[in-house]
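Novice: Handing you this structure, nothing more for now.
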Amino acid sequence: MASQVLVAANRGPLSYDLSADGTLDARRGGGGLVSGLSAALAQQPDALWICAALSDGDREAVRRGVSEPGVRMLDIDPAVYDDAYNGIANSVLWFTHHHLYDSPRTPVFDARFREQWQSYTAYNQAFAEALAHEAAEGARVLVQDYHLALVPGALRELRPDLRIAHFTHTPWAAPEFLDMLPGDVREQLVQGMLGADVVGFHTTAWADSFRAGARPDEERTRVAVFPLGVDADELRALAHRPEVDEKLAGLREEVAGRKTVVRVDRTELSKNILRGLLAYRELLTVHPEWRGEVVHLASAYPSRQDLEAYRSYTAAVRELADEVNAEFGTPDWQPVLVSVQDDFSRSLAAYRMADVALVNPVRDGMNLVAKEIPVVSEAGCALVLSTGAGAYEELREQALTVNPYDVSATAEALHAALAMPAAERADRTKRLAAAATALPPSAWFEAQLTALSR
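Numbering-wise (the numbering used here), the sequence shown opens with residue 1 and increments by one.
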């Protein structure tokens, strides 16, 4: 049966585990966005989520014809997928939109890049063809993120009757960074996006960057802002599960009544974890009164470890944390408790005990951590937030804002945050939480559907 509402995303709402005896077990995906989209789609008759088969279990499920209602996985050749996902999406588009290139050395657009770009084009075409096949006449299609930037244009050629939205969860590159791409590739990227009726971003800043570089005719392609928030009830329920209580008890024992500075990030280059640790070290140097009085709980989950730049960055985070502990630590005080394990329960426990939240990305589409911590912090937390976070637009009035490159200013903001009176901290936290929950995932999804109905 053809669908009236379709979502296309690289990752789907579930994945399959293939056991040694050949059985397939379905697992629901985690995270607020997957939960929010799943809940919203459940309210739509005949809705369909199209995604890529990411694992051996996923691909086996496709081959056996195993599927969950409302989900269709695409079995894309693993070599094509790797070129599209790692070669282009994560190594080119992510770096372009986050302004991460070391320009004397990168990027290099050579023959290998051209092969990978062909794979990216084929990957996007596979999604466009699946959507064209599954969509009912005049259906609404919501395409998600930079992995699928070419889908709107390709789908428009196949099915001009459809109403198409594309939402980019990253920033959009400033024109001078977009212009680093080869001319024909830049043109394909822009024209792919302009195939949509509505192009959405988290913030006005990223929408304006798209307008400046793509120059859309807004009679045909409307550029809109949908700032994704968090679901307060769901997040608080997750944060008070028994396993989180257990982690919280352990962290409280380690912290031993001291104040906490909390950060939770993937070891992603744009997250600026190293400068955050340098700022914390400068805090302890310039304000020695905090020695023995504060602990930095730093969760830095390994990300994209198949790419060398990410492996070396993760190693540098570990090394710098060790240096700070060696320089300032005492027999009864470890200044930094760093975790490089993907442990969501530990992160939620850290959220609950946060006195200060440090969110200092160089450039970030939204950064939901900046919104999540104030929602679940038990005693209230002061937020130190960089101007590079997408959340800056909504949270800046109640946060202590910093230039992400200015280590000294970040150290002083940490000092001010730690010294903030409890009443002011509680008041700021209340206002931060209200802003953070203004457009939870289900409402964010509905807002995009409504925009397509106009």
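The beta-carbon is built from N, C-alpha and C at its ideal position, and this holds for glycine as well.
1. Pick from Y146, S55 and L162: whose alpha carbon is nearest that of L131?
2. Alpha carbon to alpha carbon, what distance is there between G57 and A20?
3. How far does the beta strand (DSSP E) with Q144 in it reach, from first residue to last?
4. At what residues does the beta strand (DSSP E) containing W49 begin and finish?
5. From the DSSP output, read off the bridge partner residues of A382.
6. Just mark H166 as buried or exposed, buried being the case when its beta carbon has 16 or more other beta carbons within 10 Å.
7. Would L54 and V7 be called neighbours here (beta carbons separated by less than 8 Å)?
8. Does the Cβ-Cβ distance between G195 and G138 come in under 8 Å?
9. Could you have a look at M73 and say whether DSSP puts it in helix, strand or coil?
10. Give me the Cα-Cα distance between R454 and E115, rounded to the nearest whole angstrom.
11. Would DSSP call S103 helix, strand or coil?
12. Pick out the complete beta strand (DSSP E) segments inside the segment 234 to 267, 3 residues or longer, and give them in chain order.
13. Quick check on the DSSP output: the beta strand (DSSP E) that includes V199 runs from which residue to which?
14. Name the DSSP bridge partner or partners of S339?
15. Cβ of R193 within 8 Å of Cβ of P107?
16. Does A416 come out as helix, strand or coil in the three-state DSSP assignment?
17. May I have the straight-line CA-CA distance separating A438 from W444, to the nearest angstrom?
18. Taking only three categories from DSSP, how would you classify H166?
19. Rounded to a whole number of angstroms, what is the C-alpha to C-alpha distance between K371 and W172?
20. Which class does V108 belong to by DSSP, given the choice of helix, strand or coil?
21. Suppose you measure from the CA of T401 to the CA of R266; what does that come to, to the nearest Å?
22. Distance check for V376 and G329, CA to CA, integer angstroms please.
23. Sort W49, Y310, Q144 and V356 by Cα distance to K271 and report the nearest one.
24. Beta strand (DSSP E) containing D25: first to last residue?
25. Given a threshold of 16 other Cβ atoms within 10 Å of its Cβ, counted over all protein chains shown, does K247 qualify as buried or as exposed?
26. Compute the distance between the beta-carbons of R346 and S299, then report whether it is under 8 Å.
27. For A409, which residues in the same chain have their Cβ closer than 8 Å to its Cβ, ignoring the five residues on either side in sequence?
28. Going straight from the alpha carbon of E129 to that of L155, what length do you get?
29. Is the separation between the beta-carbon of Q398 and that of L142 shorter than 8 Å?
30. Does DSSP put R215 in a helix, in a strand, or in coil?
31. By a C-beta neighbour count over all protein chains shown, 10 Å radius and 16 as the cutoff for buried, is D233 buried or exposed?
32. Could you check the C-alpha separation between L269 and G12 for me, to the nearest Å?
33. Please classify H97 as buried or exposed, where buried requires at least 16 other C-beta atoms within 10 Å of its C-beta.
34. Check the C-beta distance from P182 over to F109 and give it rounded, since I have them as a contact under 8 Å.
35. What residue range is occupied by the uninterrupted beta strand (DSSP E) comprising Q4?
36. Sorted by chain position, which residues of the same chain lie with C-beta nearer than 6 Å to L297's C-beta, five sequence neighbours on each side aside?
Specialist: The relevant details are as follows:
1. The option with the nearest alpha carbon to L131 is L162.
2. About 11 Å.
3. Residues A135 to Q144.
4. Taken as a continuous stretch (DSSP letters only), the beta strand (DSSP E) holding W49 covers L48 to A52.
5. Note: A382 sits in a beta bridge opposite V356.
6. H166 should be labelled buried.
7. Result no, Cβ atoms of L54 and V7 do not sit closer than 8 Å.
8. No, Cβ-Cβ distance for G195 and G138 is not below 8 Å.
9. Three-state result, M73: strand.
10. Between R454 and E115, the C-alpha separation is close to 40 Å.
11. Assignment of S103 by DSSP, reduced to helix, strand and coil, places it in the coil class.
12. With a minimum length of 3 residues, the continuous beta strand (DSSP E) runs that stay inside the segment 234 to 267 are 259 to 266.
13. Counting along the chain, the beta strand (DSSP E) containing V199 begins and ends at V198 to F201.
14. Looking at the DSSP assignment, S339 forms a beta bridge with S299.
15. Note that residue 193 corresponds to Met in the displayed sequence, not to Arg. Going by C-beta atoms, M193 is not nearer than 8 Å to P107.
16. In the structure shown, A416 sits in a helix (DSSP, three-state: H, G or I).
17. Near 9 Å, if we compare the C-alpha coordinates of W444 and A438.
18. For H166, the three-state secondary structure derived from DSSP is strand.
19. Straight through space, the alpha carbons of W172 and K371 are spaced by roughly 21 Å.
20. Coil, per DSSP.
21. One C-alpha to the other measures close to 21 Å.
22. Spanning the two alpha carbons is a distance of roughly 29 Å.
23. Nearest neighbour of K271 by Cα position, chosen from W49, Y310, Q144 and V356, turns out to be Y310.
24. First-last of the beta strand (DSSP E) with D25: L24 to R28.
25. By the neighbour-count rule (16 or more Cβ atoms within 10 Å), K247 is buried.
26. Against a cut-off of 8 Å, the Cβ pair of S299 and R346 comes out as a contact.
27. Listed in chain order, the non-local C-beta contacts of A409 below 8 Å within the same chain comprise V402 and N403, local neighbours out to five positions each way being set aside.
28. Distance between the alpha carbons of E129 and L155 is about 7 Å.
29. At the C-beta level, Q398 and L142 stay beyond 8 Å of one another.
30. Coil.
31. Classification for D233: exposed.
32. Rounded to the nearest angstrom, the two C-alpha atoms are 25 Å apart.
33. Result: buried.
34. Sure, about 5 Å apart at Cβ, within 8 Å.
35. The continuous beta strand (DSSP E) containing Q4 extends over residues S3 to A8.
36. Counting only Cβ-Cβ distances below 6 Å, and skipping sequence neighbours, we find T260, V262, L337 and A350.
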